[in-house]
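Chemist:
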Amino acid sequence: MTRTNDTKAAPRLSFLPVPDEAQVPEAVRKLWTKAEANIGFVPNVFRAQAVNGEQFLAWWNYFNLLLNKEGFLSNAERELVAVVVSAANRCVYCAVSHGAALRVYSGDPLGADAVAVNWRQADLTERERTLCEYAEKLTLRPAEVTEADLTPLRAAGLGDHQIMELVQVIGMFNLTNRVSSALGFVPNAEYYSQGR
1439 MTRTNDTKAA
1449 PRLSFLPVPD
1459 EAQVPEAVRK
1469 LWTKAEANIG
1479 FVPNVFRAQA
1489 VNGEQFLAWW
1499 NYFNLLLNKE
1509 GFLSNAEREL
1519 VAVVVSAANR
1529 CVYCAVSHGA
1539 ALRVYSGDPL
1549 GADAVAVNWR
1559 QADLTERERT
1569 LCEYAEKLTL
1579 RPAEVTEADL
1589 TPLRAAGLGD
1599 HQIMELVQVI
1609 GMFNLTNRVS
1619 SALGFVPNAE
1629 YYSQGR
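Count along the sequence shown from 1, then add 1438; that gives the number in the numbering used here.
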């Protein structure tokens, strides 16, 4: 696909106008500054969701707890689930941004790219395949999920805390995918080269 740049206008990050620093609460500005210092840029999802600053901060606190703190699943497992859910939902922003994180945490850029397109084509462990199967089913066919779906998770070595975290991560990404897709969030260019 060839692109031409006929205009010098900044690319649109969302279907809604994105607020600037003067329009957001101080806590949002601090988070943007911290992101810039830690990763070198402010994720567009931080800017686009700040239309409702306090709601964005509530989302971020839970997201941060699930994805960026030590948990019951490994960072690579949580990002694997994030990518599977995002690919199933066809969420461009999350598939690209969490595909980058999966490349970093897994150390396997080719495998992470395969997961983003079709996890069944990726070279995964049996445990990883079990996580992917469950994440995809809960995302695409939630009404079909039963207690029996926990059996393969337990057979793969997941305990109650890991299962709960898995379900929470899947739920978080279904929420975030819908917000990102509904409002046309555009991934930062930096994500495309991370972990390669």
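No residue lacks a Cβ here, since even glycine has one placed at the ideal position from N, Cα and C. From a predicted model like this one, the values you see are computed outputs, not experimental measurements.
Quick check: N1482 and P1580, are their CB atoms within less than 8 Å of each other?
Modeler: Counting from 1 along the sequence shown, the entry for residue 1482 is found at position 44. Counting from 1 along the sequence shown, the entry for residue 1580 is found at position 142. Not a contact, by the Cβ cut-off of 8 Å.
Chemist: Buried or exposed, going by whether 16 or more other CB atoms sit within 10 Å of the CB of H1599?
Modeler: Position 161 of the sequence shown, counted from the start, is the residue given in the question as residue 1599. By the neighbour-count rule (16 or more Cβ atoms within 10 Å), H1599 is not buried but exposed.
Chemist: Quick check: the stretch 1599 to 1614 against the stretch 1503 to 1522, are there 3 or more CB pairs under 8 Å?
Modeler: The answer is yes - the stretch 1503 to 1522 touches the stretch 1599 to 1614, with three or more Cβ pairs under 8 Å.
Chemist: Would you check if the stretch 1560 to 1577 and the stretch 1588 to 1598 touch, i.e. whether three or more CB-CB distances between them fall below 8 Å?
Modeler: A contact exists between the stretch 1588 to 1598 and the stretch 1560 to 1577.
Chemist: So V1605 is in the alpha helix (DSSP H); what residue range does that whole segment cover?
Modeler: Within the sequence shown, residue 1605 is the residue found at index 167, counting from 1. From DSSP, the alpha helix (DSSP H) with V1605 extends over D1598 to A1620.
Chemist: Do L1621 and F1479 come within 8 Å of each other at the CB atom, strictly closer than that value?
Modeler: As a working note, residue 1479 is residue 41 in the sequence shown. As a working note, residue 1621 is residue 183 in the sequence shown. Going by C-beta atoms, F1479 is not nearer than 8 Å to L1621.
Chemist: Using only the alpha-carbon positions, how far apart do T1614 and R1528 sit?
Modeler: Along the sequence shown, one-based indexing puts residue 1614 at 176. Along the sequence shown, one-based indexing puts residue 1528 at 90. Near 12 Å, if we compare the C-alpha coordinates of R1528 and T1614.
Chemist: Should G1549 be labelled buried (16 or more other beta-carbon atoms within 10 Å of its own) or exposed?
Modeler: In the sequence shown, the residue the question calls residue 1549 occupies position 111. It counts as buried.
Chemist: With a 10 Å radius around its C-beta and 16 neighbouring C-beta atoms as the bar for buried, classify T1568 as buried or exposed.
Modeler: For the purposes of this step, residue 1568 is taken as residue 130 along the sequence shown, with counting starting at 1. Classification for T1568: buried.
Chemist: So which of V1522, D1458 and K1472 has the shortest CA-CA distance to V1489?
Modeler: By 1-based counting over the sequence shown, the position of residue 1489 is 51. If we check each option's Cα against that of V1489, D1458 comes out closest.
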